[in-house]
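Each remark here refers to the structure printed beneath this line.
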Amino acid sequence: MKVRAREAEELWKEEFEKSPSREDGLETSTISGIPLKPLYTTGDRPTREQEFPGQYPYTRGIHASGYRGRLWTMRQFSGYATAAETNRRYKYLLANGQTGLSVAFDMPTLMGQDSDAPTSRGEVGHCGVAIDSLADMETLFEGIPLGEITTSMTINSPAAILLCMYIAVAEKQGVPASRLGGTLQNDILKEFIAQKEFIFPPAPSMRLVVDSIEYCAREVPRWNTISISGYHIREAGSTAAQELAFTLADGMAYVDACLERGMHIDDFASRLSFFFDAHIDFFEEIAKFRAARRIWARWMRERYGAQQERSWKLRFHTQTAGVSLTAQQPELNIARTAVEALAAVLGGTQSLHTNAMDEVLALPTDRAARIALRTQQLLAYETGVANTIDPLGGSYFMESLTDEMERQAEAYFKRIDEMGGVIPAIEAGFFQKEIADSAFRYQKELEQRRRVMVGVNDFTVDEEEPIEILRIDPKLEAEQAERVREIRRKRDQARCKNALNRLRKAAAGTDNLMPYILDAVREYATEGEIMQAMIEVFGTYTETAVV
Amino acid sequence: MATATKPVRIVVAKVGLDGHDRGVKVVARALRDAGYEVIYTGLRQTPEMVVDAALQEDAQVIGLSIHSGAHMTLFPAVVDELKRRKATDIVVFGGGIIPDDDITALKKRGVAEIFTPGTPLQSIVDWLRNRFPEQAKKP
Chain A
117 MKVRAREAEE LWKEEFEKSP SREDGLETST ISGIPLKPLY TTGDRPTREQ
167 EFPGQYPYTR GIHASGYRGR LWTMRQFSGY ATAAETNRRY KYLLANGQTG
217 LSVAFDMPTL MGQDSDAPTS RGEVGHCGVA IDSLADMETL FEGIPLGEIT
267 TSMTINSPAA ILLCMYIAVA EKQGVPASRL GGTLQNDILK EFIAQKEFIF
317 PPAPSMRLVV DSIEYCAREV PRWNTISISG YHIREAGSTA AQELAFTLAD
367 GMAYVDACLE RGMHIDDFAS RLSFFFDAHI DFFEEIAKFR AARRIWARWM
417 RERYGAQQER SWKLRFHTQT AGVSLTAQQP ELNIARTAVE ALAAVLGGTQ
467 SLHTNAMDEV LALPTDRAAR IALRTQQLLA YETGVANTID PLGGSYFMES
517 LTDEMERQAE AYFKRIDEMG GVIPAIEAGF FQKEIADSAF RYQKELEQRR
567 RVMVGVNDFT VDEEEPIEIL RIDPKLEAEQ AERVREIRRK RDQARCKNAL
617 NRLRKAAAGT DNLMPYILDA VREYATEGEI MQAMIEVFGT YTETAVV
Chain B
58 MATATKPVRI VVAKVGLDGH DRGVKVVARA LRDAGYEVIY TGLRQTPEMV
108 VDAALQEDAQ VIGLSIHSGA HMTLFPAVVD ELKRRKATDI VVFGGGIIPD
158 DDITALKKRG VAEIFTPGTP LQSIVDWLRN RFPEQAKKP
């Protein structure tokens, strides 16, 4: 018997309302608080024309061939202890089938100071590799041909210095800068907003970012000059929509700054790349990735008038959510990471880092790092999910959620515009407060058991089994400090001093600083010395702490 | 209702170089909601700066947060600085990514308690109420 669609829907509604509900007190909204219906139907389907991958606005992906053409790059972020130890880990990962490198630096390196600085005490080599000078960078990539591999470097305030070190190592290997491929995070705005590894005030910070974009457009054309990052915004507690909105708003702020410098949009836009979080609320994440591509394409084409298609395409890296991992029953993190990685793949990511199960306790052991990589290989080669492009496209639910993400992001763009743009909004503490509010709301929901974290506020065990974790040898700090002192003793002092003086002078003017930094790097000026030369001109930034 | 005792004052601080302030802010808000007077110092405080703040603010408690792995150096350094300034009556607790073995070692070095990821906010409040029963205010 044929029942008409409308009647069928009415019938379903009746049945649904009559059925008992779970009564477990749990939220049915997404983890970001977007209310969800129990069922989506044709009525929720937007009236938009059918979209195709590889075609504007790229909701369904930037490549016509999806993963049929090429799988995502499996790029595990790693670095610990010394350059020599990390070099061994890189060779281990490459031997196990990893397809790109991603450098994690320790806190002193991220904060632009040398290993022997007083405030580096206790921090050297702990959450990444310690790099003080070109000598360490040479050790880090010893035996790894930089012309044949792409490398991502997660560094921001001192980004220009580390990129120059990479270029200088390549020179020594005989690889010209024009052949280098990789990504520099170089996203200072999200540092002010979320991760807080700022050093200089916003204006000179932005100048350095634009300097590196401008320099690379000429000299290192295959380099992704910036990785505009939502990851840290999300990890700091934002919702998915806030992550999307704040990240794209940052992206537009960089575009504006480059245009102001006099660059042409199509000369740099295709080298801007993005970096998002893949959190545990599965569908919401996929919708976020799809919406990101659509919004960026539209803004680049319509607002900025980019002519080339490659300027419209949002390319992104994804990392699974560190904050979703639990110290309790840590093996469960393997399952969480697999689900999050699947969301990233269904969302069409270009590259992916899967967290290791023990990262909630320390840096990963070899075993945990291998399981994390194997999780990606399993998704790529066993599950079949890479065979169909944007497999959730056309789903009533997915399309509706994608539109909702877009709507919420556009509402934020309007608010940011009204505040005068991203930097005034940072100075007013707007993003910081929005993020802290969301983090607090989520924590409250956990405390009230309106949300469950398995092993934390439900399904707990009395005795946790101890797991093996990676320990950093405390001797290492003194050894690394001695290494940098030795570099300072051995180099040509006059040439090094001159290079630093020229950089200081240039910082006070308007020249692009990249060639000056590169010169100082080649003379084995340390990272701390190069930063100090710029601090003398630019000053430092302190944020007003808001709780 | 007014009480004769002063509310407990807590200086919460991020020591070390990392800027991960999600945890410290959530805890600071929760303690404030629970009736404590909370002073948040902001990022990148040295042990000396933290102790200065605690003395200036007449705090009974210091709460430290760190996510960079430098806790074995910096937490004991705060305790030592308190000793040096003859202010050992100030109670120090901490939180962050801290493995179990380190917790035992830190307690031996004079840190009163360590709270790790996944700790309910209420546990921190309960611990403080237990420690300062006479000043426990009704939320």
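Just so you know, the protein sequences line up as chains A and B, in that order.
For any residue, its number in the working numbering is found by taking its place in the first sequence, counting from 1, and adding 116.
For any residue, its number in the working numbering is found by taking its place in the second sequence, counting from 1, and adding 57.
C-beta atoms are modelled at their ideal positions from N, C-alpha and C, and glycine is treated no differently.
As the structure is a computational prediction, the values presented were derived from the model and not from experiment.
Listed by position along chain B, the residues whose Cβ is nearer than 7 Å to that of R605 (chain A) form an empty set, because the closest Cβ is around 26 Å away. Under the 8 Å criterion on CB atoms, G367 (chain A) is classed as non-interfacial with respect to chain B. Under the 8 Å criterion on CB atoms, Q179 (chain B) is classed as interfacial with respect to chain A. Here the C-alpha atom of E598 (chain A) lies approximately 23 Å from the C-alpha atom of A284 (chain A). Chain order gives no chain B residues near L448 (chain A), where near means a beta carbon separation below 8 Å; the closest approach is about 12 Å. Around the beta carbon of G151 (chain B), 16 or more other beta carbons sit within 10 angstroms, so the residue counts as buried. In this structure, DSSP gives D252 (chain A) a helical state, which the three-state scheme calls helix. Under the three-pair Cβ rule at 8 Å, the stretch 344-354 of chain A counts as touching the stretch 303-319 of chain A. Contact check for A199 (chain A) against V245 (chain A) passes: the beta carbons are separated by less than 8 Å. With contacts defined as CB atoms closer than 8 Å, R161 (chain A) and E456 (chain A) fail to qualify as a contacting pair.
At a C-beta separation below 8 Å, I585 (chain A) has these neighbours in chain B: P156. A369 (chain A) is a Cβ neighbour of V538 (chain A), given a cutoff of 8 Å.
At a cut-off of 3 residues, the continuous stretches assigned as beta strand (DSSP E) that sit fully inside the stretch 115-165 of chain B are 118-123 and 148-153.
Inclusion of D158 (chain B) and H128 (chain B) in the CB contact set at 8 Å is not warranted, their separation being larger than that value. Residue pairing by DSSP places Y97 (chain B) opposite B:V69 in a beta bridge.
Taking C-alpha positions only, Q301 (chain A) is separated from T267 (chain A) by approximately 11 Å. By the neighbour-count criterion, in which 16 or more other beta carbons inside 10 Å mark a residue as buried, W412 (chain A) falls on the buried side. Q609 (chain A) has its alpha-carbon roughly 43 Å from the corresponding atom of V476 (chain A). Under the DSSP assignment, T202 (chain A) falls outside any beta strand (DSSP E), being part of the alpha helix (DSSP H) whose first and last residues are A199 to A211. When A:L226, A:A365, A:M521 and A:Q596 are compared, the shortest CA-CA separation from P540 (chain A) is found for A:A365. Per the coordinates, the alpha-carbon of L479 (chain A) lies some 15 Å from the alpha-carbon of P590 (chain A). Closest in C-alpha terms to P169 (chain A), from the list A:E447, A:R410 and A:D574, comes A:R410. Within the same chain, and ignoring the five residues on either side of N203 (chain A) in sequence, the residues whose Cβ sits closer than 8 Å to its Cβ are T255, L256, F257, E258, G259 and I260. Comparing C-alpha distances from H242 (chain A) to each of A:E602, A:I588, A:G655 and A:P446 shows the shortest one belongs to A:I588. Segment contact: the stretch 609-626 of chain A against the stretch 496-516 of chain A, fewer than three CB-CB distances shorter than 8 Å; contact not assigned. In the three-state reduction of the DSSP assignment, I171 (chain B) falls in the strand class, which pools E and B. For G297 (chain A), the pairing in a beta bridge is given by DSSP as A:T266. Contact between the stretch 381-400 of chain A and the stretch 498-505 of chain A is absent: fewer than 3 CB-CB pairs across the two stretches fall below 8 Å. Taking 8 Å as the CB threshold, A127 (chain B) lines the interface with chain A. DSSP places T436 (chain A) in the uninterrupted beta strand (DSSP E) bounded by F432 to T436.
M322 (chain A) sits in a helix when the DSSP states are folded into three classes.
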